[in-house]
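Chemist:
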Amino acid sequence: MHIVHIASELAPLAKVGGLADVVLGLCRELSWKGHDVDIIIPKYDCLDSSQIRDLAIHTQDLMSFYNGEWFHNTIWVGWVENLKVYFIEPHHPRNFFNRACFYGCDDDIERYIYFSRLALEFLYKKAISPDIIHLHDWQTAAIAPLYYEMYNQIGYNKPKIVFSIHNIEYQGKCGVQDLEKIGLVGHDYLTADKMQDNLNPKSINLAKGAIVYADFVTTVSPNYAKEILTPEFGFGMESTLLLYQNKFLGIINGIDYSYWNPEIDRYLPVHYSSREFPLNKKDRNTLEKKAFVKNFLREKLCMTENYSPIVGCIARLVPQKGIELIKHAMQFVIKNGGQFVLLGSSPIPSIQEDFMHLKNQLADHSGVHFALHHQEELAHLIFAGSDMFIVPSLFEPCGLTQMIALKYGSIPIVRRTGGLADTVFDIDNETDGNGYVFEEPTTEAVEKTLKRAFECWFKDQEKWRNLMIHGMGIDFSWNKPSDEYLDLYKKLITKENDQNNKTISIV
Ligand code: ADP
9 MHIVHIASEL APLAKVGGLA DVVLGLCREL SWKGHDVDII IPKYDCLDSS
59 QIRDLAIHTQ DLMSFYNGEW FHNTIWVGWV ENLKVYFIEP HHPRNFFNRA
109 CFYGCDDDIE RYIYFSRLAL EFLYKKAISP DIIHLHDWQT AAIAPLYYEM
159 YNQIGYNKPK IVFSIHNIEY QGKCGVQDLE KIGLVGHDYL TADKMQDNLN
209 PKSINLAKGA IVYADFVTTV SPNYAKEILT PEFGFGMEST LLLYQNKFLG
259 IINGIDYSYW NPEIDRYLPV HYSSREFPLN KKDRNTLEKK AFVKNFLREK
309 LCMTENYSPI VGCIARLVPQ KGIELIKHAM QFVIKNGGQF VLLGSSPIPS
359 IQEDFMHLKN QLADHSGVHF ALHHQEELAH LIFAGSDMFI VPSLFEPCGL
409 TQMIALKYGS IPIVRRTGGL ADTVFDIDNE TDGNGYVFEE PTTEAVEKTL
459 KRAFECWFKD QEKWRNLMIH GMGIDFSWNK PSDEYLDLYK KLITKENDQN
509 NKTISIV
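What follows is the structure in C-alpha cells.
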C-alpha cells in the first residue's frame, strides 16, 4: 500500500508535542510492515537538519496558487530515520516558514492553508497518487475539501483521505476570505453542512471541513473518541462528530520503542532493563542501573543526593495540562520528602513568566528543578531518572508521557481522562494496576494520590519494584495500533474497489 502522511510536525527534527512522535512512530511501523510511506512537512528554517540524510532538491519550480497569484516553491527530498520526507519551501514574500519557530505566528492560518494547497498541488503535478492521504490536525485539514471539491474535478481522484484529530481544542477557525485565498469559493462553504463553525456562524472551521469531507476520521484514543462526542470535551465539534459517527474511530497512539527504550536509549549514560537478558547486554537483570541514572540526573541538575523519590513532569505548559495541579504537586512533593523535576515550556507568555517567577523563587531549593525550554536529551534523562511521573491533565487526547514513563520504570500518577484512562489503571483499585489514578482535577485528589504513591515507595520497596517491572513489560508499541490503521486503510480501498466493480457490472 502507498500512504502519504501530510503534517506540520515530525520527530525528531520538527517537534512541538506528541503529534511529531506520532507521525514518526506510525510511519516507521507502517514502513517496517512493508508499506510505501512518504511524509510531507514544511521546510521550517528551524528544522534540526542534522537529522536529515541526503537532502536534495526534488522539484525546483513548482508553482502554487495563493490569493489570486501563482508563487514559486522548491520541494526538497531527504531521509529521516529511513523514511522519505518531502520538505516544502515556499518562495512567497511572506516567508511563511522562515520564522524561527513552528507555531505561534499571527498568520498561522495563512501559513498552513498555503502549505495545504501546495502539498496537494505537488502530489497532483508529480502524479504521486497514493492509496491513502493521511492528514493530521487543523494545519492540514484544508486538504480534504480541496481534494474533493477541486482536485477531484480535474481527475486527481485515486487516494482516500484519512483525517486524524490529535487535539480537538485546536480547530483552525478562519474567515471565508481564507478559503478564497486557496482557490475555493469561500461563501459556498459557510453552511452548517460544510465548513461553518458550530459556535460562530460567521467563521469557517478547517477541522470541521476535514471531518465532513474525509473518507474516515480518527482520534488518538478510544476514550477520547467517546469524550469528544459530548459538549464538555468537544469544543463545539460534538454535533459534527455525532453526525459522522459512522466514519469515526479512536485508535490509541503507540510508542516508538526504538527511540524510547531504556535498553538502547541514545541519551542515557547507562542502559537498564527489567528483563533478565536485555537487548544489548549479556548481564543479568540491570534494573539497578536506573539508580545510577537517577543520581546522574541529580548531579546534572544540581540536586541533592538523598533517599527520596523523584517525581518527574514533562509537558507543554498550557491550561489543558492542569497547570495549577502541577504547581500543587510540586509543593506537596517537596514538603513530603520527595524531589520534583519539571521540563516544560509554554506558548502562552503569561504562563511562561509565571513559571519563570516560580523557578526564581525556588532557586535555592536543592530538591526542585524547573527547566523551562524544549530539551530532548533532558526529557530522556527525566523519564529514566524519576521514580514517579505526574500527568494531572484536565483533558488529554491520548498522552504519550505516561506510556513512555512506564517503559522507563517511572510510575505514572494521572488523572482519569482521555487516553490516560485507556492506559493507566490504579494499583489499589484494579487487578492489573500499573500506576495511580485520580478522578477529580482538584488539589485534594492530587495530594491524596501522591500520598498513596509515597507510602508505597517509602514503606514497600518490593511492591514498588514489582510495579516498575510490570509497567516496563507492558506493550504500548505501534504494532497493534498500526494494524488498526492498516485495517482501516484497507477497508477504505476495498470499499472503493467494490463500488467500481459494481459500476462495471452494471455497465
Ligand atoms: P502533547 O501532544 O499534548 O504535547 P503528549 O504527551 O502527547 O502531549 O506528547 C508530548 C511529547 O512532547 C512527549 O514526547 C514529551 O516528552 C515531549 N515534550 C513535551 N515538552 C517537552 C520539553 N519541554 N522538552 C522535551 N520534550 C518535551
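At position 146 of the sequence shown the residue is numbered 154 (the numbering used here), and the sequence of numbers has no breaks. Cβ atoms here follow ideal geometry from the backbone N, Cα and C, with glycine treated the same way. Please read these numbers as outputs of a predicted model, since none were measured by experiment.
1) Taking only heavy atoms of the ligand ADP into account, decide whether any of them is closer than 8 angstroms to the Cβ of C406.
2) With distances taken between CB atoms, is the gap from W486 to L18 smaller than 9 angstroms?
3) How far does the alpha helix (DSSP H) with P6 in it reach, from first residue to last?
4) Any contact between the segment 143-154 and the segment 213-221? By contact I mean 3 or more CB pairs, one from each, below 8 angstroms.
5) Quick check on the burial criterion: 16 or more other C-beta atoms within 10 angstroms. Buried or exposed for S57?
6) Any contact of the segment 101-118 with the segment 46-56, i.e. 3+ C-beta pairs under 8 angstroms?
7) Quick one: give me the first and last residue of the beta strand (DSSP E) that Q68 is part of.
8) Enumerate in chain order the residues of its own chain whose CB-to-CB distance from Y275 is below 8 angstroms, with the five nearest sequence positions on each side excluded.
9) Which residues in the same chain as E157 place their Cβ atom closer than 6 angstroms to its Cβ, once the five residues preceding and following it in sequence are excluded?
10) So which of D145, S266, I176 has the shortest CA-CA distance to I49?
11) By the DSSP assignment, the alpha helix (DSSP H) with P153 in it spans what residues?
12) Please state whether the Cβ-Cβ distance between I263 and I412 is less than 9 angstroms.
13) Using DSSP with H/G/I as helix, E/B as strand and the rest coil, what is R423?
14) For the ligand ADP, is there any heavy atom lying closer than 8 angstroms to the beta carbon of G352?
15) Provide the residue span of the beta strand (DSSP E) that contains N81, from first to last.
16) Would you call the CB atoms of H420 and G330 closer than 9 angstroms?
17) Evaluate V12 with the Cβ neighbour count: other Cβ atoms within 10 Å of its Cβ, from every protein chain shown; 16 or more gives buried, anything less gives exposed.
18) What are the start and end residues of the alpha helix (DSSP H) that includes H144?
19) Given 8 angstroms as the limit, tell me if L21 has its C-beta closer than that to any heavy atom belonging to the ligand ADP.
20) Mapping DSSP to helix, strand and coil, what is D44?
21) I'd like to check one pair, C321 with V352: are the Cβ atoms closer than 9 angstroms?
22) Whose CA, out of W78, G112, G86, I121, lies closest to the CA of D62?
23) For L143, which option in N231, Q161, I121 has the closest C-alpha, if you only look at C-alpha atoms?
Modeler: Working from what's here:
1) yes
2) no
3) Only positions 9 to 515 of the chain appear in the structure, and residue 6 is not among them; the question remains open.
4) The answer is yes - the segment 213-221 touches the segment 143-154, with three or more Cβ pairs under 8 angstroms.
5) exposed
6) yes
7) 61-74
8) E384, E385, H388, L389
9) none
10) D145
11) 151-154
12) The answer is yes: Cβ separation under 9 angstroms.
13) strand
14) yes
15) First-last of the beta strand (DSSP E) with N81: 77-88.
16) For the record, residue 420 in the displayed sequence is Pro; it is not His. Their beta carbons are not under 9 angstroms apart, which means P420 does not touch G330 by this criterion.
17) buried
18) Careful: H144 lies outside any alpha helix (DSSP H), inside the beta strand (DSSP E) at 140-144.
19) no
20) Residue state, collapsed to three classes: strand.
21) Contrary to the premise, residue 352 reads as Gly rather than Val in this sequence. Closer than 9 angstroms, so yes.
22) G86
23) Per the Cα distances, I121.
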